[in-house]
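K.L.:
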Amino acid sequence: MIPEKIEHIGIAVKNIEESLKYYEGVLGLKCYKIEEVPDQKVKTAFMMVGETKLELLESTSDDGPIGKFIEKKGEGIHHIAFAVTDLAERLREVEEKGIQLIDKVPRKGAEGLSIAFLHPKSTQSILTELCEKPKD
Ligand code: ZN
Numbered sequence: 000m001i002p003e004k005i006e007h008i009g010i011a012v013k014n015i016e017e018s019l020k021y022y023e024g025v026l027g028l029k030c031y032k033i034e035e036v037p038d039q040k041v042k043t044a045f046m047m048v049g050e051t052k053l054e055l056l057e058s059t060s061d062d063g064p065i066g067k068f069i070e071k072k073g074e075g076i077h078h079i080a081f082a083v084t085d086l087a088e089r090l091r092e093v094e095e096k097g098i099q100l101i102d103k104v105p106r107k108g109a110e111g112l113s114i115a116f117l118h119p120k121s122t123q124s125i126l127t128e129l130c131e132k133p134k135d
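Residue numbering for the sequence shown follows numbering that gives the first Met the number 0, starting at 0 and increasing by one per position.
Following this line, the structure appears as structure tokens:
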């Protein structure tokens with residue numbers, strides 16, 4: 000597998016509006032979309048930095064994955080997402096190499112992407128997301 004690029008970096012925040020004061024007000028980035036992903040109990044805000052996105056993640060519930068993450072570790076980098084092609088095939092490939100999968104099959108993520116997470120236990124402690132643009 001050779002990732003095409005870093006598709007996005009996911010950053011856990013307590014409050015998107017507050018965080019945008021830094022990302023927009025200081026760094027001068029522009030949030031182009033805020034989207035809720037109900038099955039992940041999360042609200043996401045997107046900004047482009049060149050070809051890479053920043054994805055701010057705010058929990059909509061204390062028992063959601065981001066709520067738990069912030070409770071344990073505080074705000075900060077939550078995951079890195081690599082763009083790949085043929086995601087289902089890539090998952091088989093890394094599983095064969097002994098990587099523990101959180102998602103055995105691709106599922107639908109924000110921005111219409113197909114996504115799957117690899118367990119940080121087997122990815123150098125960084126929660127890793129593989130994602131694929133839907134073919135049009
Ligand atoms: Zn992500």
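By construction, the Cβ of each residue, glycine as well, lies at the ideal position given by its N, Cα and C atoms.
When we look at the beta-carbon of ALA80 and count the other beta-carbons within 10 Å, is it buried (16 or more) or exposed?
P.N.:
Here residue 80 is taken as the residue at index 81 of the sequence shown, counted from 1. The residue is buried, with at least 16 neighbouring Cβ atoms inside 10 Å.
K.L.:
Considering just the uninterrupted stretch of the beta strand (DSSP E) at ALA115, what are its terminal residues?
P.N.:
The sequence position of residue 115 within the sequence shown is 116, counting from 1. Secondary structure note for ALA115: its beta strand (DSSP E) is the uninterrupted segment 113-117.
K.L.:
Could you tell me whether the Cβ atoms of VAL83 and ARG91 are closer together than 8 Å?
P.N.:
Taking the sequence shown and counting its residues from 1, the one referred to as residue 83 is at position 84. Taking the sequence shown and counting its residues from 1, the one referred to as residue 91 is at position 92. Against a cut-off of 8 Å, the Cβ pair of ARG91 and VAL83 comes out as no contact.
K.L.:
Exposed or buried, what is VAL104 when buried is set at 16 or more other beta-carbons lying within 10 Å of its beta-carbon?
P.N.:
One-based indexing of the sequence shown puts residue 104 at position 105. It counts as exposed.
K.L.:
Whole angstroms is fine: what's the gap from THR122's alpha carbon to LYS52's?
P.N.:
Position 123 of the sequence shown, counted from the start, is the residue given in the question as residue 122. Position 53 of the sequence shown, counted from the start, is the residue given in the question as residue 52. The straight-line gap from Cα to Cα measures roughly 21 Å.
K.L.:
Which residues in the same chain have their Cβ closer than 7 Å to the Cβ of ALA11, if we skip the five residues on either side of it in sequence?
P.N.:
Counting from one through the sequence shown, the residue named residue 11 turns up at place 12. Correct list, in chain order: LEU56, ILE65, PHE68, ILE69, GLU74, GLY75 and HIS77.
K.L.:
If you compare alpha carbons, which of HIS118, THR59 and MET47 is closest to ILE98?
P.N.:
Here residue 98 refers to the residue found at position 99 when the sequence shown is read from its first residue. Comparing Cα-Cα distances from ILE98 to each of HIS118, THR59 and MET47, the minimum goes to HIS118.
K.L.:
Does ALA87 pass the burial test, meaning 16 or more other C-beta atoms within 10 Å, or should it be called exposed?
P.N.:
If you number the sequence shown from 1, residue 87 lands on position 88. That one is exposed.
K.L.:
Using the rule of at least 16 other Cβ atoms within 10 Å of the residue's Cβ for burial, across every protein chain shown, is LEU126 buried or exposed?
P.N.:
Here residue 126 refers to the residue found at position 127 of the sequence shown. Buried is the call here.
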